[in-house]
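Undergrad: Numbering (our numbering), first residue to last: -12 to 257.
Just so you know, even glycine gets a beta-carbon here, dropped at the ideal spot from N, CA and C.
What follows is a single structure, and I will ask about it in a moment.
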């Protein structure tokens, strides 16, 4: 069984989504409320922060953006749970390969890493905004679905902030776009997406952590260059694991390479 067959197809190519959530905002206000990032910060069980500024930026995205991102998120989350269950069962059996599916233990480990990485990257780039919003209003007993915002507006503070650069429901930063979509700012247009990034909210702690991680990454890159030819990273175009989606077809979303995960494995087709 190939590793690719273990990774579910999704609508949106995560690699092509612009980065909308800056580091300080993620680290201070978002990461503590998602167990996807418990390896970075402690996960909190309380309601996450949400305010009128975050809500205004949330509304700049076309409502269907969240529909497709949510479907992909749940597809990956379900696949991750299933893969972990299969891996645990295989380990307990003492076998190195599932006799029914042919999936090897190492294949499952790599597939888990791939799906988990895609979940995190989607969340870090954009989906975290929806996830945090849902958790906030759910914990406050407020219905926040759809585009009828009167219940939401009644619950938000009167925070003053510069208006977002984008009009309400105008942004479509996804590779997949259905016919008839009326978003006016699209991924396939010549757009400077940095204009639509949310304002950062850095603190001394988040800046210290950012510098620490950047230094750690630089050391790892230097060690890698000395030890061997550089393995492709997430943002490489050179060695795609899977081809990009054709004619807006659903995609694995993995046009990057996971050679770092594969380097200890025997060569095989994927």
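For residue 133, which of -8, -3 and 52 has the nearest alpha-carbon?
TA: Among -8, -3 and 52, the Cα nearest to that of residue 133 is on 52.
Undergrad: What first and last residue would you give for the alpha helix (DSSP H) that runs through residue 80?
TA: Its alpha helix (DSSP H) spans residues 50 to 80.
Undergrad: Which of helix, strand or coil does DSSP assign to residue 91?
TA: DSSP places residue 91 in strand when its eight states are reduced to three.
Undergrad: Is the beta carbon of residue 31 closer than 8 Å to that of residue 19?
TA: Yes.
Undergrad: Out of 129, 155, 178 and -11, which one is the CA nearest neighbour of residue 169?
TA: The shortest Cα separation from residue 169 among 129, 155, 178 and -11 belongs to 155.
Undergrad: Run through the DSSP bridge pairs and tell me what residue 84 is partnered with.
TA: According to DSSP, residue 84 bridges with 91.
Undergrad: Would you tell me roughly how many angstroms separate the C-alpha atoms of residue 182 and residue 112, rounded to the nearest one?
TA: Computed Cα separation, rounded: 15 Å.
Undergrad: Between residue 66 and the rest of its own chain, which residues show a CB-CB distance below 6 Å, the 5 nearest in sequence each way excluded?
TA: Contacts found: -5 and 102.
Undergrad: Leaving out five residues on either side along the sequence, give the residues of the same chain with a beta carbon under 6 Å from the beta carbon of residue 108.
TA: Hits under 6 Å: 1.
Undergrad: Return yes when the Cβ of residue 117 is within less than 8 Å of the Cβ of residue 56, no when it is not.
TA: Cβ distance < 8 Å, so residue 56 and residue 117 count as in contact.
Undergrad: So for residue -7, helix, strand or coil by DSSP?
TA: DSSP places residue -7 in helix when its eight states are reduced to three.
Undergrad: Between residue 212 and residue 161, what straight-line distance do the alpha-carbon atoms span, to the nearest angstrom?
TA: For residue 212 and residue 161, the distance between alpha carbons rounds to 34 Å.
Undergrad: I'd like to know if the stretch 5 to 25 and the stretch 145 to 153 are in contact, where contact means that at least 3 CB-CB pairs between them fall below 8 Å.
TA: They do not touch, by the three-pair rule.
Undergrad: Please state the DSSP three-state secondary structure of residue 97.
TA: In this structure, residue 97 counts as helix in the three-state DSSP scheme.
Undergrad: With H, G and I counted as helix, E and B as strand and the rest as coil, what does DSSP make of residue 226?
TA: Because residue 226 sits at a pLDDT of 33, beneath the cut-off of 50, its placement in the model cannot be relied upon, and the following sentence gives the value as read from the coordinates. Note: residue 226 maps to coil in three-state DSSP.
Undergrad: I'd like to confirm the pairing. Which residues does DSSP put opposite residue 159 in its beta bridges?
TA: Answer is 173, bridged to residue 159.
Undergrad: In the DSSP assignment, find the alpha helix (DSSP H) that holds residue 24 and state where it starts and stops.
TA: Premise fails: residue 24 is in no alpha helix (DSSP H) and is neither H nor E.
Undergrad: Going by DSSP, what residue range makes up the alpha helix (DSSP H) through residue 122?
TA: Segment 115 to 126, the alpha helix (DSSP H) holding residue 122.
Undergrad: What is the DSSP secondary structure of residue 179, counted as helix, strand or coil?
TA: Residue state, collapsed to three classes: coil.
Undergrad: From -2, 200, -9 and 76, pick the residue whose C-alpha is nearest to that of residue 163; which is it?
TA: It is -2.
Undergrad: Please report the straight-line C-alpha distance between residue 47 and residue 99, rounded to a whole angstrom.
TA: Near 33 Å, if we compare the C-alpha coordinates of residue 99 and residue 47.
Undergrad: Count the other C-beta atoms from every protein chain shown that fall within 10 angstroms of the C-beta of residue 115, then say buried if there are 16 or more, exposed otherwise.
TA: So residue 115 ends up on the buried side.
Undergrad: So residue 203 is in the alpha helix (DSSP H); what residue range does that whole segment cover?
TA: Start and end: 191 to 214.
Undergrad: So, helix, strand or coil for residue 139, using DSSP?
TA: Note: residue 139 maps to helix in three-state DSSP.
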